[in-house]
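Participant:
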Amino acid sequence: MLEDYGNDIAFGALSHIYHTEPQGAVKDQPWFSNAVVRLEVASDVWAPEGFLSTIQAIEQKLGRLRGADPGGPRIIDLDLLTFGDTEMDTEYLTLPHPRMLERAFVLVPLRDVAPKLVFKDGRSIDEVLAGLSYTLEGRNITQK
1 MLEDYGNDIA FGALSHIYHT EPQGAVKDQP WFSNAVVRLE VASDVWAPEG FLSTIQAIEQ
61 KLGRLRGADP GGPRIIDLDL LTFGDTEMDT EYLTLPHPRM LERAFVLVPL RDVAPKLVFK
121 DGRSIDEVLA GLSYTLEGRN ITQK
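Residues in the sequence shown are numbered from 1 upward in steps of one, following the working numbering.
Here you go:
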């Protein structure tokens, strides 16, 4: 689908696929498959809100139904974690993703594609992960 966007978006890297047990209220469902893709986006062409709108359109094209149980099964769930160094907090979009630092199922695959990433607070991905209660067995992530 990236080819639909010409040279404005280029593939950077893809993490391994990790499997995560359901968290939150809906635990009686299959485990989730999680991955992170790093894309190179032409910031002179794309604004973060427009990019989010585009990935939501891709979700819809792939069968995502918004408004369903937020903790329940879904065909696809694409999140915009960061957009360069952009920081913003609007009704539509918060960057960096507001719960990213709490979620091993985000941070472990993020480390695959951006191992040297340092967050605004000065911590590396490994330092943030060290503060979380999670286990990684092969490609399976559990988090308490």
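From the three backbone atoms N, C-alpha and C, an ideal C-beta is built for every residue, glycine too.
Under the assumption that L14 contacts V113 (Cβ atoms under 8 Å), give the Cβ distance between them as a whole number of angstroms.
Facilitator: Indeed, because the Cβ distance is near 7 Å, the residues count as touching under 8 Å.
Participant: Examine the Cβ distances between the region 20 to 39 and the region 116 to 133 and report whether three or more of them are shorter than 8 Å.
Facilitator: Contact between the region 20 to 39 and the region 116 to 133 is absent, because fewer than three Cβ pairs lie under 8 Å.
Participant: Determine the contact status of T142 and E21, defining contact as a CB-CB distance below 8 Å.
Facilitator: Yes, the Cβ-Cβ distance between T142 and E21 is below 8 Å.
Participant: Do you know how far the Cα of V106 is from the Cα of R146?
Facilitator: For the chain, the structure presents residues 1 to 144; residue 146 sits outside this window and is missing.
Participant: Taking the CB atoms as reference points, tell me whether Q78 and T86 lie closer together than 8 Å.
Facilitator: Note that residue 78 is Leu in the sequence shown here, rather than Gln. Result no, Cβ atoms of L78 and T86 do not sit closer than 8 Å.
Participant: Which same chain residues, not among the five before or five after L80, have their C-beta less than 8 Å away from its C-beta?
Facilitator: Excluding residues within five positions, the ones whose Cβ falls inside 8 Å are P48, F51, L52, I55, L93, L95 and H97.
Participant: Taking its Cβ as the centre, do 16 or more other Cβ atoms sit within 10 Å of R66, making it buried, or is it exposed?
Facilitator: Its Cβ having fewer than 16 others within 10 Å, R66 is exposed.
Participant: Please list, in chain order, all residues of the same chain as W46 whose beta carbon is under 7 Å from its beta carbon, the five residues on each side excluded.
Facilitator: The answer, listed in chain order, is D8.
Participant: Taking all protein chains shown into account, decide if I17 is buried (16 or more other Cβ within 10 angstroms of its Cβ) or exposed.
Facilitator: By the 10 Å Cβ count, I17 comes out exposed.
Participant: Quickly, what does DSSP pair L95 with across the bridge? List them, please.
Facilitator: Answer by DSSP bridge pairing, in chain order: M88.
Participant: What number of angstroms, rounded off, separates the C-alpha of V41 from the C-alpha of A10?
Facilitator: Using only the alpha carbons, I get a separation of about 7 Å.
Participant: Could you check which residue in Q60, K61, P109 and I58 has the C-alpha nearest to that of H19?
Facilitator: Nearest C-alpha to H19: P109.
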